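J.: Just so we're aligned: 554 in my numbering is position 273 of the sequence shown, and the numbers increase by one with no gaps anywhere. Idealized CB from N, CA, C, for every residue including glycine. Keep in mind it's a predicted model, so treat the numbers as computed, not measured. Here's a structure for you.
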Amino acid sequence: MSEAHIKRPLWMIITACGFAAVLFSSVAIGGTAWYRQSVATSDALDREAAGDLALIQTDMAAQKKAASALALAIAGQPDIAGLIERNARDEIIGRFSGAMPSIVSEGGLQLITFANVSGEAVARIHAPDKFGDDMKTRRKTVVDALATGKLVAGTEPGRTAVSMFASAPVVRDGKTVGVVDVGTSLTNAYFGPLADRIGGEVSVHIMVDGKLEKQATTSQTSFLSPDALKAAFDGTAMQQQQQITTETGSYVVRTVPFNNFSGSKIGVLEIASDVTSVLEDAQTALWTTVAGTSVVSLLSLIGFFVFARSLGGVLAGLTGTMSRLASGDLDALIEGESRPDEVGAMARAVNVFKDNALHARALEQETNSQRSQVEEERRRTAEQERVRAEAMARATSGLADGLQQLAAGNLTFELNQHFAEEFESLRANFNQAVAQLRETMTSVAESTSSIDSGSREISQSAEDLSKRTEQQAASLEETAAALDQITTNVANSSKRAEEARTVAIQANENAKQSGTVVANAVNAMGRIEQSSNQISNIIGVIDDIAFQTNLLALNAGVEAARAGEAGKGFAVVAQEVRELAQRSATAAKEIKDLIRNSSVEVGNGVKLVSDTGEALKTIESYIVTINQHMDAIATSSREQSVGLSEVNTAVNQMDQVTQQNAAMVEEANAAGATLANEAGKLRELVFRFQLGGADSGYTARRAAPAAPAPSPARGMVNRLARAFNGKSATAAAVSNDSWEEF
């Protein structure tokens, strides 16, 4: 086979595979290099943007600290509190206006304001003509500093722009009298130097009436659209980073929303980092990688082509040799067996094919000589198989007749025709099996008759037992219901006895309390009687005093009469005193009579109360006796209730056992009926066989049911009926005919 007959030479396939491998390797290496370069570039851009953002945020934090330090330093001066309290605006401005330029140039702190305890601006160093406005309406830091007496710092809207403030309280004698407020406006004056330091641009956008307005910017162009800024403010693009190319260079723009002192978002900080040099270095590295990969790929392709052509020539020679061997030319010379590489291994393998072909030619000649011998042996074997097949056919036909007789139920059939010698044992075994089967079926027929008769007797007995069990279960259920009613009545009686005993105990306690009250009433009346006696004594003293007063008035009247005209007035007074003494004596006598009558009535009341106490003691003794009787009744009722509960539990258990027995009897009845039915079917199946004189019939026999023995449960129910002799016992009584033992 010439090279022209090969449609697709191997050297072309090797060259194509090499080209594909080189192309894949080049793409993989180039793609990996491009990916790594892209990742490195992205990391560099992120580091550049993150570094610029960190620098600005760090500077803003440092600016707040500087404002805090300056505010604390000014607020700590001894006479600042007095100046604020006196609203000494001119003195404050005169003191700090000279240092203001250096504070602005060195620290970038543009705003210094003094406010009193009401939050009114006393003086502004940066704007001397602006004062008197209320700072608390827009400045939460001022409000917190006045309220807490502590330094507060944060970002808030100022008088002209959003600024960073630090508010330090001014304290005098432990009381906050004002605030020193230092701040930096977020304007170009502050962000300009920062933009120069990062080599980029900075813009501040403040939310005003739902729109972001640019407060400060160091760029001449706008990098982001209003929608992108609004998304950053809303939080849907937190710290959004975009790469933007302009006429001046390439930038990475990062947006960060910022909050005021109260925690509410008020604006977006836009930072554009100049990354032109980073992108140029990345582009240069990428093109260098592409050029190197292309050169290496080209050299690899040339090497693959040279190697494939040399290998293709050697393989073409081996292919021609193999073609001659395949066409039957076993004299073809095989070249290249001495080579140590894969080509030499292929040449040696082709030589093995040549040796095998020579050996196969010798084997073919030997096979032709043996083929005639095998054909003669086959003819002899076929004749022997024909004779054996005829003997097997006779044996198979005889067995088929025997099996057909068995299928028809004829167990009296036997194989009497002799088979070939090798099949004679099969005939004997068949006849023996049929004889054993005939004996077995005869025994089965006899047993079937016995099973059928017994199963019918069992079924009838089980049915009778089921009826008696149902009657007994019904009687037990009625007995259980009667006992439940008796138990309920006894429990109610016990409960009422307990309630009566409780009432008796309460009545006894009330009687005791009434006796105590009566005793207290007797004692109180005794004390009243003693008090009446004491009042009578006092009235007697008053009566004596009235009598003595009457005598004195009489003597005074006599002396006044002796005095003549000079004693007339005194005589009138003496007359009045005498009349008063007489009225007092009369009243004392009346009171004494009333008290005497009251003493008599009190004595009668004491006697009546004493009688009442004796009556209550008698009632108390009766109540104690009643309580003892009720206690005995309640105890007896509880014991009777417990006994009835135990009897009721026993009857319920008997009812449950009887119901379970009824269920078991039903199952036994069903099983007996099933057994009788199956025995009948088995008898019919056995009768299908011809047993040769064996009697497989039977006479159904039914056993007379045994008379039931009396149940001990019926005696227990009768005893309960006699014990309680009530309506429930009558309802639970059952007839002797329906209560039978099973």
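Starting from the C-beta of G548, find all residues in its chain whose C-beta is less than 8 Å away, skip the five residues before and the five after it, and write them out in chain order.
T.: Cβ within range, chain order: V443, V485, H486, I487, M488, L493, Q496, F514, P538 and F539.
J.: To the nearest angstrom, how far is it from the Cα of D462 to the Cα of L351?
T.: Rounded to the nearest angstrom, the two C-alpha atoms are 9 Å apart.
J.: Along the beta strand (DSSP E) that carries R256, what are the first and last residues, could you check?
T.: There is simply no residue 256 to check, as the chain begins at 282 and stops at 1023 in what is shown.
J.: Report yes if the C-beta distance between G389 and P450 is below 9 Å; otherwise report no.
T.: Taking 9 Å as the Cβ cut-off, G389 and P450 do not qualify as a contacting pair.
J.: Less than 8 Å between C-beta atoms, sequence neighbours within five positions excluded: which residues of the same chain meet that for L925?
T.: Correct list, in chain order: L764, I767, T768 and V771.
J.: Once DSSP output is grouped into helix, strand and coil, what is the label at N368?
T.: Coil, per DSSP.
J.: In this structure, how does DSSP classify K898 when only helix, strand and coil are distinguished?
T.: Note: K898 maps to helix in three-state DSSP.
J.: May I ask you to list the residues that DSSP assigns as paired with D555?
T.: Its beta-bridge partners are Y532.
J.: The alpha helix (DSSP H) spanning N469 covers which residue range?
T.: Taken as a continuous stretch (DSSP letters only), the alpha helix (DSSP H) holding N469 covers N469 to I479.
J.: Roughly how many angstroms separate the alpha carbons of F828 and A800, rounded to a whole number?
T.: Spanning the two alpha carbons is a distance of roughly 42 Å.
J.: Would G953 pass as a contact of A743 if the rule is Cβ separation under 9 Å?
T.: Against a cut-off of 9 Å, the Cβ pair of A743 and G953 comes out as a contact.
J.: With DSSP collapsed to three states, give me the class of V398.
T.: Note: V398 maps to coil in three-state DSSP.
J.: Kindly list the residues whose CB is nearer than 7 Å to the CB of I310, restricted to its own chain and excluding five residues on each side of it in sequence; keep chain order.
T.: Once the five neighbours on either side are set aside, the close Cβ partners of I310 are T574.
J.: Return helix, strand or coil for G435, following the three-state DSSP convention.
T.: G435: strand per DSSP, three-state reduction.
J.: Identify the residues that DSSP records as bridge partners of G459: which are they?
T.: Note: G459 sits in a beta bridge opposite N397 and V451.
J.: Would D333 and I552 be called neighbours here (beta carbons separated by less than 9 Å)?
T.: Closer than 9 Å, so yes.
J.: Taking the alpha-carbon positions, what's the E810 to G796 distance?
T.: E810 and G796: Cα-Cα distance of roughly 21 Å.
J.: Taking DSSP as the reference, what is the three-state secondary structure of N540?
T.: Here N540 sits in strand by DSSP.
J.: Could you tell me the alpha carbon to alpha carbon distance between T867 and D824, rounded to whole angstroms?
T.: Taking the straight line from one Cα to the other gives about 8 Å.
J.: Taking the Cβ atom as the reference point for each residue, do W315 and T570 lie within a distance shorter than 9 Å?
T.: In this structure, T570 lies closer than 9 Å to W315 by Cβ.
J.: Could you give the C-beta distance for A785 and I914, rounded to a whole number, given that I count them as a contact under 8 Å?
T.: About 11 Å; that fails the 8 Å criterion.
J.: Mind reading off the beta-carbon distance from G848 to E840? Whole number of angstroms is fine, and I expect it under 8 Å.
T.: Correct: roughly 7 Å between the Cβ atoms.
J.: Using the Cα positions of R440 and R328, report the straight-line distance between them to the nearest angstrom.
T.: R440 and R328: Cα-Cα distance of roughly 37 Å.
J.: Could you spell out where the beta strand (DSSP E) holding A497 opens and where it closes?
T.: Element bounds for A497: K492 to T498.
J.: Going straight from the alpha carbon of R629 to that of L614, what length do you get?
T.: Their Cα atoms are separated by approximately 12 Å.
J.: If I follow the unbroken alpha helix (DSSP H) through V424, where does it start and stop?
T.: Where V424 is concerned, the enclosing alpha helix (DSSP H) stretches over K421 to T429.
J.: Below 9 Å between beta carbons: does that hold for R782 and D912?
T.: Their beta carbons are under 9 Å apart, which means R782 touches D912 by this criterion.
J.: Per DSSP, which one or two residues make a beta bridge with D415?
T.: DSSP, once it has assigned bridges, lists E401 as partnering D415.
J.: Just how far apart, CA to CA, sit E664 and G683?
T.: Taking the straight line from one Cα to the other gives about 30 Å.
J.: Please classify Q717 as buried or exposed, where buried requires at least 16 other C-beta atoms within 10 Å of its C-beta.
T.: Exposed is the call here.
J.: Can you tell me where the alpha helix (DSSP H) holding P507 begins and where it ends?
T.: Element bounds for P507: P507 to D515.
J.: So G679 packs on F700, CB below 8 Å; how close in whole Å?
T.: The Cβ separation is near 6 Å, so the contact holds.
J.: Can you give the Cα-Cα distance for S775 and L757, rounded to whole angstroms?
T.: Taking the straight line joining both Cα atoms gives about 26 Å.
J.: Taking only runs that begin and end inside the segment 321–345, name each unbroken alpha helix (DSSP H) of 4 or more residues, in chain order.
T.: Whole alpha helix (DSSP H) segments, 4+ residues: zero.
J.: Which term fits D414, buried or exposed, when burial requires 16 or more other beta carbons within 10 angstroms of its beta carbon?
T.: Exposed.
J.: How many Å lie between S362 and D477 at the Cα?
T.: Correcting the residue type first, residue 362 is Ala in the shown sequence and not Ser. Approximately 41 Å between the Cα atoms of the pair.
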